[in-house]
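Residue numbers (our numbering): 268 to 422.
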């Protein structure tokens, strides 16, 4: 599936577990953020090939969330098999705007969607730093529209 930045949406299947749900048997909304944080980690490691643990540990580059906007559209219940999707909507010099969603894979019904802004920071100084070159290159490789926009700015 195509993402917002004109690239491929990074996806992972997810089983809704008992621990994700409230007493009503539906996903307790903060659990979606836990699921999506795991998706971001998988995307950095598997989608970008950067290695999330090395990024945080060895390289001391953080990816804190500075803005988060969520829409909850339909419930997810224990036992549901959903798909989590991530695409890059914008790439700044020090920030990455993501479009994330949880959806039913057969019907495509969106259960919830999020727009999230991450800022790359030094974990030593806790100040914003440039998106690392290897991350930027991998993001642009997977999102041709973003790559074209970046090339136009440099021209």
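We put the CB at the ideal spot given by N, CA and C, even for glycine. Values in this document were obtained by computation on a predicted structure and should not be read as measured data.
Neighbourhood of residue i by C-beta, 7 Å cutoff - its chain only, sequence neighbours within 5 removed
i	result
residue 362	384, 385 and 386
residue 401	317
residue 299	369 and 379
residue 303	351, 367 and 381
Straight-line gap, residue i to residue j (C-alpha atoms, nearest Å)
i	j	result
residue 357	residue 365	7 Å
residue 381	residue 305	14 Å
residue 295	residue 418	42 Å
residue 393	residue 377	35 Å
residue 330	residue 301	15 Å
residue 274	residue 369	18 Å
residue 339	residue 379	4 Å
residue 421	residue 288	48 Å
residue 324	residue 290	37 Å
8 Å Cβ cutoff met for residue i and residue j
i	j	result
residue 344	residue 293	yes
residue 328	residue 390	yes
residue 276	residue 352	yes
residue 342	residue 371	no
Residue of the options minimising C-alpha distance to residue i
i	options	result
residue 322	371, 388 and 280	388
residue 404	370, 367 and 360	360
residue 309	279, 399 and 373	279
residue 333	411, 395 and 421	395
residue 354	319, 407 and 398	407
residue 286	372, 324, 277 and 346	346
residue 399	337, 315, 415 and 341	315
Beta-carbon contacts of residue i that lie in its chain and below 6 Å, excluding the five residues immediately before and after
i	result
residue 268	With a pLDDT of only 48 at residue 268, under the threshold of 50, the placement of this residue in the model should not be trusted; the figure read from the coordinates follows. Correct list, in chain order: 276.
residue 284	none
residue 336	382
Beta-carbon contacts of residue i that lie in its chain and below 8 Å, excluding the five residues immediately before and after
i	result
residue 311	317, 318, 319, 322, 330 and 402
residue 413	272, 273, 274, 355, 357, 358, 406 and 407
Beta carbon proximity, residue i to chain D, threshold 8 Å
i	result
residue 342	You won't find chain D in this structure, because it holds only one protein chain.
Exercise for review: List in chain order: all unbroken alpha helix (DSSP H) runs of 4+ residues lying wholly within the segment 297 to 341.
Suggested key: 297 to 309 and 319 to 323
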